[in-house]
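So the sequences go chain by chain: A and B. Just add 145 to the spot in the first sequence (first one is 1) and you have my numbering. Just add 262 to the spot in the second sequence (first one is 1) and you have my numbering. Where a beta carbon is used, it is the ideal one built from N, C-alpha and C, also for glycine. Reading through the structure tokens given below for one structure.
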Amino acid sequence: MALNRKIAYIELTTGDIETKPIPVKVRNMFLGGRGLDMYLMYNHIKPGVDPLGSDNVAFVSAGVLGGTLASASARTHIGGKSPLTGFVGSANMGGFFAPELRWAGFDHLVIKGKAENPVYLWIQNNEIEIRDAKHIWGKTVHETQEIIREELGDRDIKILTIGPAGENLVRFANVMTGIKDAAGRSGMGALLGSKNLKAIAVRGTMDIKLERPEEALQYNKKVIEQITSAKVSQTQGKLGTPFIWGATNTQGLVRVNNFQLNQLEDADEVEAEAIDKVAVGMAGCFGCQVHCRSKYVIPEGDYAGVYDEGPEYTSQGAWAAEPGCRSLNNILVCNHLVNIYGLDTLETGSLISWVMELYEKGILTDEDTGGLDLRFGNEEAVIEMIHRIAKREGLGDILAEGPLRAAEKIGKDSIKYLVHVKGMSNLHSDERPTPGLALGIATASRGSDHLRSRPAIDLYHLPKQVLRNIYSQPVPYDGPVTSDYRDYEGKAWQVFWQETCYEAVDCLGICKFHTVFLGASLPSFEEWSKLLYYNTGLELSPLDIWTIAERAYNMERLFNIREGLTREDDWLVDRYFDEPTSVGIPGVRGKTIDRDKLKNMIDEYYEHHGWDEQGVPRLETLQRLGIENEPSHIL
Amino acid sequence: MNEETTAESVAKGRTYGAFRCLNCFERVSVPTGAKTHKCPHCSFEWRLSWLSPDFPRIRGPVWEANRQLAEENLSKKQKGVN
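Listed below in structure tokens is the structure:
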């Protein structure tokens, strides 16, 4: 059965390990992956714990479709209280780990306590062993995986690991797998580091028995055709996510020199086509036909000849737009460094560009930077700052604490120039001309976030009827829709819909690029209902899946509120309202976000959720979703 | 299993051999293999790349041409000229 994978509770302080089955009742409530992790987080993490203390709990999971025939059912979710924000910590990555975890008999790992010395977990066909990791502590992400595979004598072992950044408790350290697959955002690497947990190695050879294999095979073929025939998938398969740059930077929708400009002009060398020229091929995750990950060898400089994978769109922003750099080699080197250190590329690049602006404004001096010339465009300085953050040296040590703590430490007017929400830095996108996208980052549960609720297709100027078709399923919607990304009307529903869609896809464990994120014609609730039925036997309508996603998102909201979140946290920094955009196409120039209109959008967004004006879920909402008695401690 | 889903109906609206201008958002047909193309509707000029012979995409702006057009456009706007 596809639903017979277990949950394992691993107590690192004592070494105790317990396993339990996951009741179908719970599956019908949360499916798996991020959804069930949110239930577990709310039930197992005590209110107010120190995110880096032994009372915090780490959650690792596969989605309910993980490792099945469903396309790109590769995603691993990592959860816990965020060391970066103090709110929901949640990160998601592709690769091959989650399917292997399921083949080894487990869907969810609940990791408690703290090991006395560095350890790693070795999971093989229903068995879990805690092993010494002193010899790999300090090793990079790539080295760690090689050593463990060598040690255990199996090249097919899949490993998730932290790098030196996680060990050093950099509050935005990633959990990584493979060469570059990253569970980024919210500092889950620091959480594992705080537990002295270096890595989890897994090998499984236990088949997942599909409920209706013939029908599953046939239907999956149909869905694969749907995915591969989409223009966005074809583009992504050739150029990876950097293709997005062709739309965003071209119009003037990226932030440059921290937040001072909204277009990186004359930077042809960092475009997707330039990356494609140095790529030596494309790689994919488990079960994916798109293959959106470039493979490359750094062509020149100190790192010439080094192999890595990526860079993603986020790295174009982090290592070109935000710090005002224009060389492809710089992107490739920086991407490599964050991969081996296990750093969040987005957060790292944003923080470095922030201190570059502080340096430009004289808030930071050469004395503060340890003599480093932090002028925008200085690529050597950017590279040096990555090392210093990962190793917690000098100014890097301050930045390793994350945006808000760093601003407090630096003082003066530094916080005025910080671009964040809930203590998490923004992607390099500039949302001043795009109110829908601005609402998404303002309200996202884990902080400023383009992956939680972004209505990315808002940028495509799709016909109203197309938008109406998409956004009226599986819940009827007869409110406004507009094709213009500069409008405010109807965007609250779009954000709510996308948020629910992304939560659902994370419960299923399939890739966000295979749903209505970057492409309008990709699978959604209707397809998932059938995929679930044929693969697992779960009989859930599109509306049932929507409701599960809503339920899971409300658990995140409850978690955040319990940790002190208020309506004031669902907001943007003043720069969005006070500093107009200055370059790009005429339609995006002179744009700011209107405070009153944003407030109204947030009201409407809360209303769609069934939350009160303070953003607190109403009792009737919790009752409708069956979570009014949480925490229930079923698992 | 054979019922058409929303996504499948949306897919029927795909166009080939054209791109959407990123200034005026009109669909623009373009000769196969063209490296740059000026939008016939708004005159903005784009550098193109081709994923296949019928699949052009905008790689980026023709920087100087579009900067000039944007400045002219804004200047007219400030003077109240449509």
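Please state the DSSP three-state secondary structure of residue i.
i, result
"A/Asn237", "strand"
"A/Ile779", "coil"
"A/Ala782", "Nothing about residue 782 of chain A can be reported from this structure: the residues present for chain A run from 146 to 780 only."
"A/Gly585", "helix"
"A/Lys257", "strand"
"A/Lys303", "strand"
"A/Ala424", "strand"
"A/Glu713", "helix"
"A/Pro731", "helix"
"A/Ile223", "strand"
"A/Ala327", "strand"
"A/Asp195", "coil"
"A/Ala346", "strand"
"B/Ile320", "strand"
"A/Leu473", "helix"
"A/Leu266", "strand"
"A/Asp518", "coil"
"A/Met569", "strand"
"A/Phe232", "coil"
"A/Met351", "coil"
"A/Phe404", "coil"
"A/Thr322", "strand"
"B/Leu349", "Only positions 263 to 344 of chain B appear in the structure, and residue 349 of chain B is not among them; the question remains open."
"B/Ala280", "strand"
"A/Ala392", "helix"
"A/Val500", "helix"
"B/Met263", "Unreliable positioning characterises B/Met263 in this predicted model, as indicated by a pLDDT of 49, which lies under 50. A coordinate reading is not provided."
By the criterion of Cβ-Cβ separation under 7 angstroms, what are the contact partners of residue i in chain B?
i, result
"A/Ser666", "Ala269, Val272, Ala273"
"A/Pro731", "Ala332, Asn335, Leu336"
"A/Thr380", "Leu313, Arg319"
"A/Val611", "Val272, Gly275"
"A/Lys383", "Leu313"
"A/Asp739", "Within 7 angstroms Cβ-Cβ: nothing; A/Asp739 doesn't reach chain B, min ~19 angstroms."
Mind pulling the chain A residues with CB within less than 8 angstroms of residue i?
i, result
"B/Pro323", "Thr395"
Using a cut-off of 9 angstroms between C-beta atoms, extract the partners of residue i located in chain B.
i, result
"A/Ser374", "Ala273, Arg276"
"A/Glu410", "Pro323, Trp325, Arg329"
"A/Gln371", "Thr267, Ala269, Glu270, Ala273"
"A/Gln618", "Thr267, Thr268"
"A/Asp413", "Arg309, Arg321, Gly322, Trp325"
Residue i: which of the options sits nearest, CA to CA?
i, options, result
"B/Gly279", "B/Val292, B/Val324, B/Leu313, B/Asn285", "B/Val292"
"A/Asp757", "A/Thr711, A/Val718, A/Asp723", "A/Thr711"
"A/Val255", "A/Pro725, A/Ile292, A/Ser206", "A/Ser206"
"A/Asp200", "A/Gly208, A/Arg172, A/Glu156, A/Gly539", "A/Glu156"
"A/Gly755", "A/Lys744, A/Arg300, A/Gln768, A/Asn745", "A/Gln768"
"A/Ile485", "A/Asn474, A/Ile324, A/Arg520", "A/Ile324"
"A/Asp715", "A/Gly568, A/Gln461, A/Phe670", "A/Gly568"
"A/Leu509", "A/Arg400, A/Ser439, A/Ser559, A/Asn149", "A/Ser559"
"A/Ala217", "A/Gln290, A/Met238, A/Lys284, A/Ser617", "A/Met238"
"A/Asp447", "A/Asn474, A/Asp421, A/Gly429, A/Gly231", "A/Asn474"
"B/Trp325", "A/Ile730, A/Ser593, A/Val377", "A/Ile730"
"A/Glu312", "A/Asn774, A/Thr285, A/Leu770", "A/Thr285"
"A/Val500", "A/His436, A/Glu749, A/Glu467", "A/Glu467"
"A/Tyr698", "A/Gly180, A/Lys170, A/Leu488", "A/Gly180"
"A/Val315", "A/Ile772, A/Trp673, A/His532, A/Ser666", "A/His532"
"A/Lys165", "A/Glu524, A/Phe175, A/Asn271", "A/Asn271"
By the criterion of Cβ-Cβ separation under 8 angstroms, what are the contact partners of residue i in chain B?
i, result
"A/Ala392", "Leu284, Ile320"
"A/Val614", "At residue 614 of chain A the sequence reads Asn, which differs from the Val that was named. Result: Thr268, Ser271, Val272."
"A/His606", "Arg282, Phe287"
"A/Asp632", "Within chain B, no residue comes near A/Asp632; the closest Cβ sits about 13 angstroms away, beyond 8 angstroms."
"A/Arg734", "Ala332, Leu336"
Note down, in chain order, every chain A residue with its Cβ under 7 angstroms from the Cβ of residue i.
i, result
"B/Ser311", "Glu418"
"B/Phe281", "Within 7 angstroms Cβ-Cβ: nothing; B/Phe281 doesn't reach chain A, min ~10 angstroms."
Is any heavy atom in the ligand SAM found nearer than 8 angstroms to the beta carbon of residue i?
i, result
"A/Arg330", "The model depicted lacks the ligand SAM and carries no ligand whatsoever."
Is residue i close to chain C? Criterion is C-beta to C-beta, closer than 9 angstroms.
i, result
"B/Phe306", "No chain C is part of this structure, whose protein chains are labelled A and B."
Where the segment 649-675 of chain A meets chain B: residues whose CB sits under 8 angstroms from a CB there: The segment 649-675 of chain A vs chain B, Cβ under 8 angstroms: Val661, Ala665, Ser666, Leu667, Pro668, Ser669, Glu671, Glu672, Lys675.
Given 8 angstroms, three or more beta-carbon pairs between the segment 297-317 of chain A and the segment 371-386 of chain A: Taking 8 angstroms as the limit for Cβ pairs, the verdict is that the segment 371-386 of chain A does not touch the segment 297-317 of chain A.
Stretch-stretch touch, CB-based, cutoff 8 angstroms, three pairs: the segment 420-435 of chain A with the segment 751-768 of chain A: The segment 420-435 of chain A, when compared against the segment 751-768 of chain A, does not touch it at the 8 angstroms Cβ threshold.
Members of the segment 430-458 of chain A near chain B, C-beta cut-off 7 angstroms: If the cut-off is 7 angstroms between Cβ atoms, the segment 430-458 of chain A has nothing near chain B.
Near-chain B residues of the segment 336-367 of chain A - C-beta to any C-beta below 7 angstroms: Tyr364: these are the residues of the segment 336-367 of chain A whose beta carbon lies less than 7 angstroms from some beta carbon of chain B, given in chain order.
Stretch-stretch touch, CB-based, cutoff 8 angstroms, three pairs: the segment 228-244 of chain A with the segment 428-437 of chain A: In short, these stretches touch, since the Cβ pair count reaches three.
Three or more C-beta pairs below 8 angstroms linking the segment 312-325 of chain B and the segment 393-402 of chain A: Touching, per the Cβ criterion.
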